[in-house]
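S.K.: First residue of the sequence shown? That's 79 in the numbering used here, and the numbers climb one at a time after it.
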Amino acid sequence: MERAIQISDDAFGNLAGWMEQSFKVKNIAPVVVFLAAYLCLMTYLAVLMTDFMFNKRLSRERKVFPVGIACGIGLSFLIDGVMGRLPAYVPRLKDILSNASFILGASGNSEKFLGSLGLSLEQADRIPEIVYKMNTGEWEQAINGAGNMAWYLRRIQYSLDRTVSMFGTNAHLGRQVSMQGIGALLPMLLLLAFAIGLFIMRHRASALATAVMAGISYRLYLGSSFFLVCYLISLFLFFLVGKAWRWKKKTQVVQSPREERAF
Numbered sequence: 079m080e081r082a083i084q085i086s087d088d089a090f091g092n093l094a095g096w097m098e099q100s101f102k103v104k105n106i107a108p109v110v111v112f113l114a115a116y117l118c119l120m121t122y123l124a125v126l127m128t129d130f131m132f133n134k135r136l137s138r139e140r141k142v143f144p145v146g147i148a149c150g151i152g153l154s155f156l157i158d159g160v161m162g163r164l165p166a167y168v169p170r171l172k173d174i175l176s177n178a179s180f181i182l183g184a185s186g187n188s189e190k191f192l193g194s195l196g197l198s199l200e201q202a203d204r205i206p207e208i209v210y211k212m213n214t215g216e217w218e219q220a221i222n223g224a225g226n227m228a229w230y231l232r233r234i235q236y237s238l239d240r241t242v243s244m245f246g247t248n249a250h251l252g253r254q255v256s257m258q259g260i261g262a263l264l265p266m267l268l269l270l271a272f273a274i275g276l277f278i279m280r281h282r283a284s285a286l287a288t289a290v291m292a293g294i295s296y297r298l299y300l301g302s303s304f305f306l307v308c309y310l311i312s313l314f315l316f317f318l319v320g321k322a323w324r325w326k327k328k329t330q331v332v333q334s335p336r337e338e339r340a341f
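1) Classify ALA178 as helix, strand or coil using the three-state DSSP reduction.
2) Examine the Cβ distances between the stretch 176 to 187 and the stretch 198 to 210 and report whether three or more of them are shorter than 8 Å.
3) Count Cβ pairs between the stretch 185 to 203 and the stretch 220 to 230 that sit closer than 8 Å; are there 3 or more?
4) Can you list, in chain order, the residues of its chain whose CB lies under 6 Å from that of TRP217, leaving out five sequence neighbours each side?
5) DSSP on MET227, reduced to helix/strand/coil?
6) How would you label LEU231, buried or exposed, when you count the other beta carbons within 10 angstroms and need 16 or more for buried?
7) Please work out which residues of its chain come closer than 8 Å, Cβ to Cβ, to SER188, disregarding the five sequence neighbours upstream and downstream, and give them in chain order.
8) Please report the distance separating the alpha-carbon of PRO169 from that of ARG163.
9) Would you identify the three-state DSSP class for GLY186, choosing helix, strand or coil?
10) To the nearest angstrom, how far is the alpha carbon of ALA228 from that of THR214?
11) Consult DSSP for ARG170 and reduce its assignment to one of helix, strand or coil.
12) Take ALA178 and list the residues in its own chain whose beta-carbon comes closer than 6 Å to its own, dropping the five residues that flank it on each side.
13) Within the same chain, show all residues whose beta-carbon is closer than 6 Å to that of SER237, passing over the 5 residues directly before and after it, in chain order.
14) Only counting the same chain, and skipping five residues up and downstream in sequence, which positions put a Cβ closer than 8 Å to that of THR241?
15) With DSSP as the reference, label ARG163 as helix, strand or coil.
16) Near ALA220, which residues of its chain fall below 8 Å by C-beta distance, leaving aside the five closest residues on each side in sequence?
17) With DSSP collapsed to three states, give me the class of GLY222.
18) Starting from GLU207 and walking both ways along the alpha helix (DSSP H), at which residues does that stretch end?
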């Protein structure tokens, strides 16, 4: 059983082989590319904010851009690598995947589960890895084609989502981009509302505003507000890209059966 629940440590080395298979959830390239671009943008915005608040000229240095790109790519691979290997170090995840391997790997169940994802029985040894890295679309396919195992698969999905979310991100579980965006958007909206409130009080020049703004640097306030606005814009773009990606995948899933019937 211990051998069955091991998650592959050669994720990046096997990427080319994964892309040749029909099971696309192992293709981590889009996740890495997005994280790299997103973190590069956040690094540059942080540099601009530092320039504005402390009268520095870091953004004019040529080294800022390669350093930002290197940080973005490095952090994205680090985050993806750590999250992809959590089952090797988190006992609860080991238990969940061990249970899934035992139930879904049983005779009859493995054919139904793998068949719903378009996989052959040759992939039965990788059921724990497949379960851990399934996205929302694959979970829906598996649940719809599972028959009497639908309730069990929902519980497995829920348990994985709850467990991995405690570590900051659950990109490997395929949580919907809209849910990720809303979760990150709410605290940022609260901070933005606080910044707008301070701005209104400052321009009214009331006694309360003077007392509140006395210990707050105006540059710090403006820099923070600028950073928050840029962060909100990036989240909105993240939401749109995720929506377009899911719509494209859903369109491909709908069109593929029609193409097969044509032949």
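Beta carbons are placed, not taken as given, at the ideal position from N, Cα and C, and that holds for glycine.
M.R.: Put simply:
1) Counting from one through the sequence shown, the residue named residue 178 turns up at place 100. If DSSP states are grouped into helix, strand and coil, ALA178 belongs with the helices.
2) As far as the Cβ criterion goes, the stretch 176 to 187 touches the stretch 198 to 210, which means the pair count is three or higher.
3) A contact is defined here as three or more CB-CB pairs under 8 Å, and the stretch 185 to 203 meets this definition with respect to the stretch 220 to 230.
4) Stepping through the sequence shown from its first residue, residue 217 is reached at position 139. By the criterion of a C-beta distance shorter than 6 Å, TRP217 is surrounded in its chain by GLN235, once the five residues flanking it on both sides are discounted.
5) As a first step, residue 227 must be located in the sequence shown, where it is residue number 149. Here MET227 sits in helix by DSSP.
6) On the sequence shown, residue 231 is found 153 positions in, with the first residue counted as 1. LEU231 comes out buried.
7) By 1-based counting over the sequence shown, the position of residue 188 is 110. Around SER188: LEU182, LEU199, ALA202, ILE205.
8) Here the question's residue 169 lines up with position 91 in the sequence shown. Here the question's residue 163 lines up with position 85 in the sequence shown. Rounded to whole angstroms, PRO169 to ARG163 spans 12 Å at the Cα level.
9) By 1-based counting over the sequence shown, the position of residue 186 is 108. It is coil, neither helix nor strand.
10) Your numbering for residue 228 matches position 150 in the sequence shown. Your numbering for residue 214 matches position 136 in the sequence shown. When rounded, the distance between both Cα atoms is 14 Å.
11) As a first step, residue 170 must be located in the sequence shown, where it is residue number 92. In this structure, ARG170 counts as helix in the three-state DSSP scheme.
12) On the sequence shown, residue 178 is found 100 positions in, with the first residue counted as 1. So the list reads VAL209, ILE234, once near-sequence residues are dropped.
13) Looking up residue 237 in the sequence shown gives position 159. Closer than 6 Å at Cβ, skipping near neighbours: ILE174.
14) Counted from its first residue, the sequence shown places residue 241 at position 163. Contacts found: VAL168, ARG170, LEU171, ILE174.
15) If you number the sequence shown from 1, residue 163 lands on position 85. In the structure shown, ARG163 sits in coil (DSSP, three-state: anything other than H, G, I, E or B).
16) Mapped onto the sequence shown, residue 220 falls at position 142. Cβ-Cβ distances below 8 Å link ALA220 to PHE191, SER194, LEU195, MET212, LEU231 in the same chain, with the five nearest sequence neighbours on each side left out; the list follows chain order.
17) For the purposes of this step, residue 222 is taken as residue 144 along the sequence shown, with counting starting at 1. Reading off the sequence, residue 222 comes out as Asn, not Gly. Reduced to three states, the DSSP call for ASN222 is helix.
18) Here residue 207 refers to the residue found at position 129 of the sequence shown. DSSP places GLU207 inside the alpha helix (DSSP H), whose first and last residues are 205 to 211.
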